[in-house]
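In what follows, a structure is listed as structure tokens, so that the remarks can point back to it.
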Amino acid sequence: MNIPDTQSQNDLRKIVIDKVGVKGLRYPIVVEDRANGTQHTVAELNIYVELPHYKRGTHMSRFIEILHHYHTEALIGNLPDFLQELKISLEAKAAYIDISFPYFVTKKAPVSGIESILSYDCVFSASLQEDFNLLIGVIVPVTTLCPCSKEISEHGAHNQRSLITIKVSYTGFVWLEELIELAESTASCEIYSLLKRIDEKHVTEKAYNNPKFVEDIVREITIKLQNDQRITSFFVESENAESIHLHNAYAMISRPLE
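Quick note on the numbering used here: the sequence shown kicks off at 97 and runs consecutively.
Here it is as structure tokens:
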């Protein structure tokens, strides 16, 4: 039976499509875990290639077919090979993958020492054109306390949950836990899943004694990343879900260091 290959038809509009592919694919992966060696999690994948100007469409099924060659533990460690196989199979000049996933870390409450598990949203973004490029990132929830509010108020100060995003390219190796710890170290206080009353007292007082603007956070992280010889470029942002405003406070710094 001869089935037409419509996607491979010639296209006469002479327009290259930068990215074409599949989005929102949920898939099991294994990532390196500093404490336990490896960690199994479930990722959401976006996979693309560049589509040449002369092709009407891409072959969507091949993305899934090639992905399955790198099932679970093989994918993260073989991203260059995976993207190269995509390029060859789909006759593309560039291939891309975005991998977003929850990463779980066991944390001890600061005073009681009671353990609980906290999840962090993480991302790997890889591309292959002539060279392979990889960006890894974390989104870290923290507490921030407003320096201005503390300065002008006789009693208390407003604080809020905030999100710090750090994405880096690097040489050598960087643990996700390192980026998480970097973000938490610049905030007014860390966030925990489980706190007893003695812990609540500690984190409340720590935040009050350590006020931070979003500007303070991105500048402090920038200094530390610039001093890390492994880091070749980075993106850092801090966003406060303000507790006394209907808007969020935001700051961002992006630097190519190569």
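All residues carry an ideal CB built from backbone N, CA and C; glycine is no exception.
Can you tell me which of the three DSSP states residue i falls into?
i       : result
Glu-247 : helix
Lys-119 : strand
Tyr-107 : As written in the sequence, residue 107 is Asp, which differs from the Tyr given in the question. It is coil, neither helix nor strand.
Arg-152 : coil
Ile-99  : coil
Glu-146 : strand
Ala-170 : helix
Lys-183 : helix
His-165 : coil
Assign residue i to one of two classes, buried (16 or more other C-beta atoms within 10 Å of its C-beta) or exposed (fewer than that).
i       : result
Ile-111 : exposed
Ala-131 : exposed
Cys-244 : exposed
Tyr-216 : buried
Ala-222 : buried
Ala-139 : buried
Ile-99  : exposed
Thr-282 : buried
Ile-172 : buried
Gly-209 : exposed
Ile-313 : buried
Ile-319 : exposed
Considering Cα atoms alone, identify which of the options is closest to residue i.
i       : options                            : result
Ser-60  : Arg-293, Ile-327, Val-270, Cys-242 : Here the chain has residues from 97 to 354 only, and residue 60 is not among them.
Gln-225 : Phe-159, Ile-193, Met-348          : Ile-193
Ile-160 : Arg-152, Gly-117, Val-126, Ala-188 : Gly-117
Cys-259 : Tyr-199, Ile-248, Ile-276          : According to the sequence provided, residue 259 is Leu. The question's Cys does not apply to it. If we check each option's Cα against that of Leu-259, Ile-276 comes out closest.
Thr-239 : Ser-208, Ser-185, Asn-305          : Asn-305
Thr-202 : Lys-189, Asp-129, His-251          : Asp-129
Glu-335 : Thr-318, Thr-154, Gln-322, Glu-311 : Glu-311
Glu-187 : Ser-208, Gly-173, Val-145          : Val-145
His-167 : Met-156, Val-264, Ile-125          : Ile-125
Pro-206 : Lys-302, Val-314, Leu-342, Glu-274 : Lys-302
Ile-184 : Arg-257, Val-264, Leu-147          : Leu-147
Val-127 : Asn-174, Ser-157, Arg-257          : Asn-174
Ala-191 : Lys-204, Pro-198, Asp-107, Asp-177 : Asp-177
Gly-153 : Ile-287, Gln-105, Cys-285, Ile-313 : Gln-105
Asn-323 : Arg-293, Arg-351, Gly-120          : Arg-351
Ser-196 : Ala-253, Glu-181, Thr-137          : Thr-137
Asp-357 : Lys-189, Tyr-199, Ile-235          : Since the first and last residues shown for the chain are 97 and 354, residue 357 lies out of range.
Pull up the DSSP beta-bridge partners for residue i, would you.
i       : result
Arg-351 : Phe-330
Lys-204 : Glu-211
Asp-217 : Pro-198, Ile-235
Pro-124 : Val-138
Thr-240 : Gln-256
Phe-269 : In the DSSP output, where bridge partners are listed per residue, Phe-269 has none listed.
Asn-229 : Ser-223
Ala-345 : Asn-336
Phe-191 : For the sequence presented, residue 191 should be read as Ala rather than Phe. Partner(s): Val-145, Leu-224.
Val-358 : Here the chain has residues from 97 to 354 only, and residue 358 is not among them.
Ile-276 : DSSP, once it has assigned bridges, lists no residue as partnering Ile-276.
Asp-129 : Gly-133
Ile-262 : Val-234, Val-332
Check the Cβ-Cβ distances between residue i and every residue of chain B, and say whether any is below 7 Å.
i       : result
Leu-171 : No chain B appears in the structure shown, which is made up of a single protein chain.
Write down every uninterrupted run of the alpha helix (DSSP H) in the segment 280-336 whose length is 4 residues or greater and which is fully enclosed by it, in chain order. 293-304, 310-322
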